[in-house]
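S.K.:
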Amino acid sequence: MKKLYFLTLLATAFTFGQSVVITTVIDGTLPSDGCAGSSGSSNPKLVELYVSGTVDLTNYRLQTESNGAADAASISWNTGCDLTALGTVTDSFIYLVGAGETTFTEMYPSATPAAGLTSLPNGNGNDAYRVALYDAPGTAGNLVSVMDQFGDPLDLPVNDYSAAWCYQDSYAKRNNGVVANGGTFDSSTFTYGGNAAFASPNNTCAFITAAVPVGTFTLTTKAFNGINGLTLYPNPVSGNVLNITSSNNGAMSVQIFDVLGKRVANTSVINNQINISGLNSGVYIVKITEEGKTATRKLVVK
351 MKKLYFLTLL ATAFTFGQSV VITTVIDGTL PSDGCAGSSG SSNPKLVELY VSGTVDLTNY
411 RLQTESNGAA DAASISWNTG CDLTALGTVT DSFIYLVGAG ETTFTEMYPS ATPAAGLTSL
471 PNGNGNDAYR VALYDAPGTA GNLVSVMDQF GDPLDLPVND YSAAWCYQDS YAKRNNGVVA
531 NGGTFDSSTF TYGGNAAFAS PNNTCAFITA AVPVGTFTLT TKAFNGINGL TLYPNPVSGN
591 VLNITSSNNG AMSVQIFDVL GKRVANTSVI NNQINISGLN SGVYIVKITE EGKTATRKLV
651 VK
């Protein structure tokens, strides 16, 4: 049996440890030299990350895919911003400010921009981002895994701002309780200002700060035990089939997450069963939704 990893599942809430998620993206409309400055009009550029648990950021990168892609073969992630210099981070926000740092610190005095990094993100409103782990630092190395992604380049087959997640002169903010998506982006997991939200007369520090607070995201989410008579069996499971039943016996959708918060399965219950043959030995969180109600359970796979 492979080594098992353990999570804590609370009765009324759950969180995922050891993950890095993209929580806020801002494409500002302010000068770069302070709120009352006169240099430029497209600041600040921010990608906010949240580190849950303790993560050694060696060989992690925040990468950008610019302006969309016509097909999968055309998707091109840049080398990105190497996060190695940040070292080991525990339960903290990281502020990657690609432009307008002076203005950003004036707007958010309690938020300190990450220092010692290069190639910081500088999104123009239709750039996708991802947090990825490589097997070597800098420009070398091969992709090991994608922990989280904001935006889907395939939503923009032409270079425009038509996708639901676009944020030109605006922002996007992750909904509380949404865990790392493992590179499968769902636009419904963010709240958006809509393109041009910061156009005149809203191009002021006061307006943007009030509209987009930083450092507020939480992975804790409540009311996740709302399905009457929910049962998962066998648990622990050593075969390829997991049985899921409830008192209502309604249609159920299922998402399964590993210990990093990465979604590893997204399926529906058919004849009170799901196939779990693709899961390795370990501990998982199973999120079940039935008729608008959601519950979570810990699953052990042998």
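In the numbering used here, the protein residues as written are 351 to 652. Built from N, CA and C at the ideal position, the CB exists for glycine as well. Predicted model, so just to flag it, every value in this text is computed and none were measured.
Determine which residues share a DSSP beta bridge with ALA615 and list them.
M.R.: Answer is ILE606, bridged to ALA615.
S.K.: List, from N- to C-terminal side, the beta strand (DSSP E) runs of 3 residues or more that fit wholly inside the stretch 374 to 424.
M.R.: Within the stretch 374 to 424, the complete beta strand (DSSP E) runs of at least 3 residues are 393 to 406 and 410 to 415.
S.K.: Leaving out five residues on either side along the sequence, give the residues of the same chain with a beta carbon under 7 Å from the beta carbon of THR489.
M.R.: Excluding sequence neighbours, THR489 sits near THR429.
S.K.: Taking contact to mean at least 3 C-beta pairs separated by less than 8 Å, is the stretch 494 to 503 in contact with the stretch 526 to 535?
M.R.: A contact exists between the stretch 494 to 503 and the stretch 526 to 535.
S.K.: By the DSSP assignment, the alpha helix (DSSP H) with PHE535 in it spans what residues?
M.R.: Premise fails: PHE535 is in no alpha helix (DSSP H) and is neither H nor E.
S.K.: If you draw a straight line from the C-alpha of LYS612 to the C-alpha of TYR445, how long is it?
M.R.: The alpha-carbon atoms of LYS612 and TYR445 are separated by roughly 22 Å.
S.K.: Assign CYS431 to one of three DSSP states: helix, strand, or coil.
M.R.: Looking at CYS431 - three-state DSSP - the assignment turns out to be strand.
S.K.: Just to confirm, does GLY384 get its C-beta within under 7 Å of one of the non-hydrogen atoms of the ligand GDP?
M.R.: Absence of the ligand GDP from the depicted structure is noted, as is the absence of any ligand whatsoever, leaving it without description.
S.K.: Let me know the secondary structure DSSP gives PRO463 once reduced to three states.
M.R.: The answer is strand: DSSP assigns PRO463 an E or B state.
S.K.: With respect to the alpha helix (DSSP H) encompassing PHE557, which residues constitute its N-terminal and C-terminal limits?
M.R.: 555 to 561 is the extent of the alpha helix (DSSP H) around PHE557.
S.K.: Do you know how far the Cα of ALA549 is from the Cα of ALA363?
M.R.: With a pLDDT of 36 at ALA363, under the threshold of 50, the predicted position of this residue should be treated as unreliable, though the coordinate-derived value follows. Roughly 39 Å between the two C-alpha positions.
S.K.: By how many angstroms is the C-alpha of THR539 removed from the C-alpha of ALA601?
M.R.: Between ALA601 and THR539, the C-alpha separation is close to 22 Å.
S.K.: Does the separation of the CB atoms of LEU483 and CYS431 fall below 8 Å?
M.R.: Their beta carbons are not under 8 Å apart, which means LEU483 does not touch CYS431 by this criterion.
S.K.: Once you ignore the five residues that flank THR617 on each side, which residues in its own chain have a CB closer than 6 Å to its CB?
M.R.: Answer for THR617: VAL604 and ILE624, listed in chain order.
S.K.: Spell out the partners DSSP gives THR438 in its beta bridges.
M.R.: Per DSSP, ASP406.
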